[in-house]
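As structure tokens, the structure follows; a few thoughts come after it.
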Amino acid sequence: MYSALEIQSISFYVGAQNMKPLRIDHLDQPPLIPSKLGNDSFNHIPSPWGGLTWECIKFWLLNALFAPLVATVYVVIVAEGLRLQLSVFATRLYKLPVPGVGLLRQYDGFDRLDLAVVMSLMLFIAVTYLWIRIWNEIGPSGTLNQRRHALPIFFWLQVAIASVILLFDASIFYMGLQAKASSGWSQTSAIVPLVATVLYAAGLAMLGAWHAEHYERFSSN
Numbered sequence: 225m226y227s228a229l230e231i232q233s234i235s236f237y238v239g240a241q242n243m244k245p246l247r248i249d250h251l252d253q254p255p256l257i258p259s260k261l262g263n264d265s266f267n268h269i270p271s272p273w274g275g276l277t278w279e280c281i282k283f284w285l286l287n288a289l290f291a292p293l294v295a296t297v298y299v300v301i302v303a304e305g306l307r308l309q310l311s312v313f314a315t316r317l318y319k320l321p322v323p324g325v326g327l328l329r330q331y332d333g334f335d336r337l338d339l340a341v342v343m344s345l346m347l348f349i350a351v352t353y354l355w356i357r358i359w360n361e362i363g364p365s366g367t368l369n370q371r372r373h374a375l376p377i378f379f380w381l382q383v384a385i386a387s388v389i390l391l392f393d394a395s396i397f398y399m400g401l402q403a404k405a406s407s408g409w410s411q412t413s414a415i416v417p418l419v420a421t422v423l424y425a426a427g428l429a430m431l432g433a434w435h436a437e438h439y440e441r442f443s444s445n
């Protein structure tokens, strides 16, 4: 009879004799990951004069050219509408109780600035940004449907605030056009300010769509 130690030694010997050699070529190897520093990576370096960079340069050049013109026309008309509705917006900036603001009275042009100009400029920035957000939300990468189902109260509150701002902006623009038209020598038809307001709202919406399209294109690259 064999002892327990001898039986264990015999089992180990038999197992070692039946063991097949391990072949390295049959091991599962992880998939090769292409290096980001390969030769192809140098072919995708954006040129400063072409591709997306040139599109970005054109985008900001057009903004620098047309944005001041659009903002100036907007501020002149909307500021007139604000002064017509509330006389407090006609307060000159140099009369405000702010230290150093009184120096504006000594410079030509700055002495004519009032609260209506500041308010209309802020409204222009807010409405433009609002249109950009609207087009981003209803676009392919927007989260409008998810937000409406997940947070309905928050969604409808945002819709209500945005609608109030857009309607207020359009009404003030219409009143400013009407005030400018009635102060002229020639009589202007009442339909002209209304049509101009509709064209203004459509143009501002398309300006927001143009910005939203370029922002989405730049962020995806």
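Sequential numbering from 225 applies to the sequence shown in this note's numbering. Cβ coordinates follow ideal geometry from the N, Cα and C atoms, glycine included.
| Check | Outcome |
| --- | --- |
| Coil, strand or helix - residue 393 by DSSP | helix |
| When 369, 355 and 417 are compared against residue 429, the one with the closest alpha-carbon | 355 |
| Status (buried if at least 16 other CB within 10 Å, exposed otherwise) for residue 296 | exposed |
| Coil, strand or helix - residue 335 by DSSP | helix |
| Extent of the continuous alpha helix (DSSP H) to which residue 368 belongs | 368-374 |
| C-alpha gap between residue 400 and residue 306, whole angstroms | 7 angstroms |
| Backbone CA spacing between residue 345 and residue 282 [nearest angstrom] | 25 angstroms |
| Cα-Cα separation between residue 402 and residue 396, rounded to whole angstroms | 10 angstroms |
| Cross-strand partners of residue 316 (DSSP beta bridge) | 338 |
| Contacting residues, own chain, Cβ-Cβ under 8 angstroms from residue 323 (five flanking each side not counted) | none |
| Straight-line gap, residue 393 to residue 347 (C-alpha atoms, nearest Å) | 7 angstroms |
| Burial state of residue 338, where buried means 16 or more other Cβ atoms lie within 10 Å | buried |
| For residue 359 and residue 432, the rounded distance between their alpha carbons | 7 angstroms |
| Pair within 9 angstroms by beta-carbon distance, residue 424 and residue 331 | no |
| Reference residue 439, options 318, 311, 290 and 353, closest by Cα | 353 |
| Alpha carbon of residue 379 to alpha carbon of residue 385, nearest angstrom | 10 angstroms |
| Through-space distance from residue 441 to residue 327, alpha-carbon basis | 45 angstroms |
| Three-way DSSP call (helix, strand, coil) for residue 406 in this model | helix |
| Residue 400 - DSSP class collapsed to helix/strand/coil | helix |
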